[in-house]
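In terms of our numbering, the sequence shown opens at residue 379 and continues consecutively. Each remark here refers to the structure printed beneath this line.
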Amino acid sequence: MSRFLRSDAYKKNSERNRIMISEFGTLAMPDPCKSLFQRFLSRFEVMDVTDNASVSFVKYKGDYYVSTETNFMHKVNPENLETLDKVDWSKFIAVNGATAHPHYEPDGTTYNMGNSYGNKGALYNIIKVPPEKAEAKDTLQGASILCSIVPAKKSHPSYYHSFAMSENYVVFIEQPIKMDLLKIVTSKLRGRALGEGVYWDPTQETVLHLADKRTGEVSAVKYHTAPLSTFHQINAFEEDGLLMVDMCCSDDGRAIGNYLIQNLRRSGHALDEVYNAGCRAFPRRFVLPLRVTDETPAGQNLNTRSASGATCVKVGKNKVFCQHEDLHGDDLHDYGGLEFPQINYSKHNTRSYRYFYGCGFRHLVGDSLLKMDLRDKTLKVWYQRGFYPSEPVFVASPDAVEEDDGVILSVVLTPSQDKGTFLLVLEAKTMEELGRANVPVNIPYGFHGAFNPS
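The structure is reproduced here in structure tokens:
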């Protein structure tokens, strides 16, 4: 089954047969029925916020939603994909949006992050949603802001797609992909797309912030590293007074521009040029010492894990500079790096783990499925020429004993007319194919998915 989300953006665009609601890289088209003067005046109207929730399936209080990064989500019936309620975050807490990558506690408590914009600039907010409903019709009732983090520059906050979470901390990565709020607010007036207000500033370091999940206290210690961009984190866990943060990173934050529609419409050598101009993402580990005080010695490596190549050095009051450890061997370069990382989430999120899975990117879209063993940094690969798999979803076996007892699910697409879409099932231990289920409908390329055990 494949259905379009019946969002307001979809319905308005369909009714008028043109783009009515501006998206990240696409400005709404002016009404051709209006006079030139009316079109000019319309540039001063407040821009509608899109509810085109195309990023991921998420879960709150047992219900499934589809989410983007604005303040709107849509509840969806997972049985028939029917669009149900439209939910507005700003009706429950003071945020202007939330990520499509929340984190879940075993009891169902959900954490997320979202920005708020006021007269004094932007704030990064950590959101907490309770696990249960007070009434059957509840959506985000009871949601609260656990704490707020002040951007390095309030008028130019960082863009972030997700965040990391350990047992006791939310880890926010303030990266040098910046948002020029003045440009974004005036984009309609200037006739420019929203995305033109987002830019990469390699002169700025990346800063990791820690917030205590129980108390909401934001650590005064800030963990700095070289400029990097990260869209997806793999895992985070605490051991022996250290916090390990594993994430997919690249050294250039301009890759987001590769996915503008004008680039995706290219083919052949022109498309290869777009890909080759970009920077690949690779898995890295950062080690953050949790017990940094005025007495902590400066200038020496505080990482006590002898097997780790990561370093963390106190360089000033409440400032630690971190250098990463690569979580891969040289062979990962042959597959274009790794993105869309997944783990055995229910058993190993916020805990020590051995395996993670992802897509290899030898093209602008993933063209292989990868399994990384952190013990020896070896790789297992599923690849078939001409096929483009989605993000791998790990599903544990009912009687699983080992971490990788289970299967990998991925929706595989091909541009060939004589080959349809299929659901691929791999043995997670070996990455060998167990089977495929052909789907008699066209399924578009998607970013993220979820397994519904019911």
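C-beta: ideal position from N, C-alpha, C; glycine also.
Can you tell me which of 502, 636, 456 puts its alpha carbon nearest to the alpha carbon of residue 380? 456
Going residue by residue through the segment 657-692, where are the continuous beta strand (DSSP E) segments of at least 3 residues, counting only ones entirely within it? 660-667
Grab me the residues of residue 828's own chain with a C-beta within less than 6 Å of its C-beta, minus the 5 sequence neighbours each way, in chain order. 435
Please classify residue 715: is it buried, with 16 or more other beta-carbons within 10 angstroms of its beta-carbon, or exposed? buried
Rounded distance between the beta-carbons of residue 478 and residue 433, thought under 8 Å: 4 Å
Given that a residue counts as buried once 16 or more other Cβ atoms are within 10 Å of its Cβ, and exposed if not, what is residue 823? exposed
Among 769, 622, 517, the one whose alpha carbon lies nearest that of residue 728: 622
Where residue 648 sits in the DSSP three-state scheme: helix
Suppose you measure from the CA of residue 628 to the CA of residue 556; what does that come to, to the nearest Å? 16 Å
Reducing DSSP to helix, strand and coil, say where residue 538 ends up. coil
Anyone know if the C-beta pair for residue 631 and residue 607 falls short of 7 Å? yes
For residue 528, the three-state DSSP class (helix, strand or coil): coil
What did DSSP end up calling residue 722 once you bin it into helix, strand or coil? coil
Assign residue 624 to buried or exposed, taking buried as 16 or more other Cβ atoms, counted over all protein chains shown, within 10 Å of its Cβ. buried
Using the DSSP secondary-structure output, state which residues sit across from residue 637 in a beta bridge. Note: residue 637 sits in no beta bridge, so no partner.
Cβ-Cβ distance between residue 676 and residue 717 below 7 Å: no
Contact set for residue 782: own chain, Cβ-Cβ below 6 Å, skip 5 residues either direction: 733, 806, 807
Test item: CB-CB of residue 609 and residue 544 under 7 Å: no
Close Cβ partners of residue 579 (< 6 Å) along its chain, the five nearest in sequence each way excluded: 554, 556
Three-pair Cβ contact test at 8 Å for the segment 435-446 versus the segment 461-478: yes
Determine which residues share a DSSP beta bridge with residue 602 and list them. 585, 699
So if DSSP puts residue 803 in a beta bridge, which residue, or which two residues, is it bridged to? 787, 813
Distance between beta carbons of residue 385 and residue 452, contact taken as under 8 Å: 6 Å
Which residue's Cα is closest to the Cα of residue 752: 670, 663, 391? 663
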